[in-house]
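If you read the sequence shown in UniProt numbering, its first letter stands for residue 1, the second for the next number, and so on.
No residue lacks a Cβ here, since even glycine has one placed at the ideal position from N, Cα and C.
Everything numeric in this text was worked out from a predicted model, so none of it was measured.
What follows is a single structure, written as structure tokens, with notes after it.
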Amino acid sequence: MISNNTTLKEEFKIFYKEHPTKNFEDLVEKFAIFGGVGWGEIDTSKPSYELIEKLILKDYHYIRNDVSDITGGAPLYHALLSAVAMGDGKTHSSYKRAKLEKEVGDNAISELVERGIIRVEKPKKEFTSWSNNEKIDNKLYFTTPFLRFWFAFVSPLFKGIRDGDYTEVKKRWQNREAEFSNLIFTQLSHELLKENFAKEDPLVEISSYWDKNAEFDIFAKTQSGKTILGSTKYTNAKVKKSELTRLQELAKKADIDSDIFVIVAKKGFSSELKALKGENLRLLTLKNFAKLVE
């Protein structure tokens with residue numbers, strides 16, 4: 001039922017083929033919840049919570065067994081997975097949230113990576129000198145969107161769900177719904193940029209970037225050696241020129257020379273920002289995600 005051996009792009013393409021729609025906002029939001037699982041028919045135009053209750057909560061006992069088969073069912077693993085799903089994914093904060101010592105957490109991560117449930121991404125900050133060197137946490141990511149949803153909204157609240165009371169789940173979803181698709185939107189943006197640069201100047205790496213001074217949703221290197229920095233904005237407002245200024249200032253702060261800036265936005269851009277679009281500034285929207293399902 002749950003796939004954890006396909007790439008995110010493959011999962012997104014499969015999800016689109018199983019639930020075709022021209023509304024990519026609906027598609028991304030439902031993929032963030034249900035992606036990586038064969039559900040049969042899903043009407044992606046319906047409200048997310050309605051589908052969550054119908055397809056997940058009412059079938060909790062069956063799905064729980066399926067998830068436990070993948071994770072091994074250990075409470076320690078489930079506590080850590082919920083910490084990753086609810087937090088920023090950084091190892092230190094995840095261990096703290098799950099109340100785990102570093103050694104115990106590290107061992108659990110090794111097992112969960114081995115099982116194909118999560119992957120570890122290392123920071124991209126380059127070593128400059130011992131005096132400037134600092135310990136920066138790795139980040140942990142789920143390999144399957146549905147498992148991230150499960151460990152954020154279902155596993156921690158299982159007692160009520162088990163007894164048929166979905167009140168806590170509904171409340172938590174209402175509080176976090178607006179932000180929950182952000183991560184998947186960023187990860188799909190990485191896949192889109194791989195496609196966009198494939199002929200022009202293929203990407204040799206792409207990820208997010210984080211250090212003590214700055215964070216970028218997009219950090220990439222091209223085959224010719226160019227550096228790309230960018231942000232993803234999953235909001236209902238058009239992105240303004242100030243976002244480009246923010247990226248430029250952050251790049252200086254992080255001491256990164258960026259050749260190209262990229263902004264991927266859910267709702268598009270102001271006229272002032274669109275006027276700056278060119279070789280050194282790439283602007284993409286949800287409409288461009290159609291390229292991922294061709």
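- Around the beta carbon of Pro20, a 10 Å sphere encloses fewer than 16 other beta carbons of the protein chains shown; the residue is thus reported as exposed.
- Closest by C-alpha distance to Asn65, out of Glu294, Gly164, Trp150, Lys17, is Trp150.
- For Leu292, there is no enclosing alpha helix (DSSP H), as DSSP marks it with neither H nor E.
- Pairing Glu205 with Lys221 gives a Cβ-Cβ distance under 7 Å.
- The DSSP assignment places 158-162, 167-180, 182-197 as complete runs of the alpha helix (DSSP H) inside the UniProt domain "DUF234" (150-241), in order along the chain (cut-off: 4 residues).
- Here Leu229 really is in contact with Leu247; their C-beta atoms are around 6 Å apart, less than 8 Å.
- With respect to Trp210, Tyr49 sits apart: the two C-beta atoms are not nearer than 7 Å.
- Nearest to Ala79 by alpha-carbon distance, out of Val154, Glu29, Phe146, is Val154.
- Using a Cβ distance threshold of 7 Å, Tyr234 and Asn280 do not count as a contacting pair.
- Straight-line spacing of the CA atoms in Asp88 and Pro123 works out to 14 Å.
- The Cβ atoms of Asn213 and Lys252 do not sit closer than 7 Å to each other.
- In this structure, Tyr95 lies away from Arg119, with their beta-carbon atoms at least 7 Å apart.
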